[in-house]
Every structure is written in structure tokens, then in C-alpha cells.
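Participant: Residue numbers (the working numbering): 924 to 1050. Every residue, glycine too, gets a C-beta built ideally from N, C-alpha and C. Mind looking over this structure? Questions follow.
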């Protein structure tokens, strides 16, 4: 097995962004949000407006949920501050100003954090 090393001595694996790779390998938030919409519509007769993503990690699902409607709001909860910071730099930064006003990321234990009522609570982290 050949190990490829760049000019400064770090392998490609060492330079990889594990959060981005996780999203590519495990998550399909477009399909997930379509599924949530369809199931909620079938059960409640309307589209969901509020979403709480427990164990949100990179908050990719919460951000995608917001993109599906101007009245939507989302909350992401995770215990790891580093991954929440990554989410802010990568996903929240890509949202428009008004969209960013409709999302909250909270560092905390999902069993103990109290949030306002939402239509859907999901836990889609596979780590």
C-alpha cells in the first residue's frame, strides 16, 4: 500500500475534513427533509414549520429544513461545541441573513435542554 504525502508531509487522510466526509457518506438531507415534509403532511394535513434536530452535529438537516420555506424555524442541539462551531462556519454562514435569524444552535444535553414547541423533533446522527 502506497501512502501519499503532500509537500509538507501530511497525508490526504490527515488533511481531510471529517465532518464534510461524514455528511457525504451518511447524510442525504434533501431526501430526509422531503420525507419529514411528506409524513407530517399525511399525519397532520399541513407542512411542518418548526424542527428540532437533536444530536445535530453539523446542523445540515436543520439548515436544509429552513430552506424549504420562509416561515420555517429550526433548532439544533449538540453537546460538542467544536462541531457546533464547524456548523456555524460552514452551514449557517451559507444561509441568508433572514434564514440565520430563524435557526438556533444550542450546546447542551438533549435530555436536559428545554426549547419552545416544534412540529418535528428528529435525531438523525449515526455516530
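Any idea what DSSP makes of residue 982, helix, strand or coil?
Facilitator: Position 59 of the chain shown, counting from 1, holds the residue named residue 982. Residue 982 falls in the coil class under three-state DSSP.
Participant: Under 6 angstroms Cβ to Cβ from residue 942, same chain only, skipping five residues before and after it: list those, please.
Facilitator: Within the chain shown, residue 942 is the residue found at index 19, counting from 1. The answer, listed in chain order, is 981 and 1009.
Participant: Leaving aside the five residues before and after residue 1015 along the sequence, list all residues of the same chain whose C-beta is less than 8 angstroms from its C-beta, in chain order.
Facilitator: The residue given as residue 1015 occupies position 92 in the chain shown. Only 982, 986, 1023, 1026 and 1028 meet the Cβ criterion.
Participant: Between the region 989 to 1002 and the region 946 to 953, are three or more C-beta pairs nearer than 8 angstroms?
Facilitator: Not touching, per the Cβ criterion.
Participant: May I ask which residues mark the beginning and end of the alpha helix (DSSP H) holding residue 965?
Facilitator: The count along the chain shown starts at 1 and reaches residue 965 at position 42. Residues 952 to 967.
Participant: Determine the DSSP secondary structure at residue 1030, reduced to helix, strand or coil.
Facilitator: Residue mapping note: residue 1030 aligns to position 107 of the chain shown, counting from 1. In the structure shown, residue 1030 sits in a strand (DSSP, three-state: E or B).
Participant: Could you tell me if residue 1040 is buried or exposed, where buried requires 16 or more neighbouring beta carbons within 10 angstroms of its beta carbon?
Facilitator: To locate residue 1040, count along the chain shown from 1; it is residue 117. Residue 1040 should be labelled exposed.
Participant: Pull up the distance between the alpha-carbon of residue 953 and that of residue 960, whole angstroms please.
Facilitator: As a first step, residue 953 must be located in the chain shown, where it is residue number 30. As a first step, residue 960 must be located in the chain shown, where it is residue number 37. Answer to the nearest angstrom: the Cα atoms are 11 angstroms apart.
Participant: When you compare each of 1048, 1042, 1047 and 1046 to residue 964 by their alpha carbons, which one comes out closest?
Facilitator: Mapped onto the chain shown, residue 964 falls at position 41. If we check each option's Cα against that of residue 964, 1042 comes out closest.
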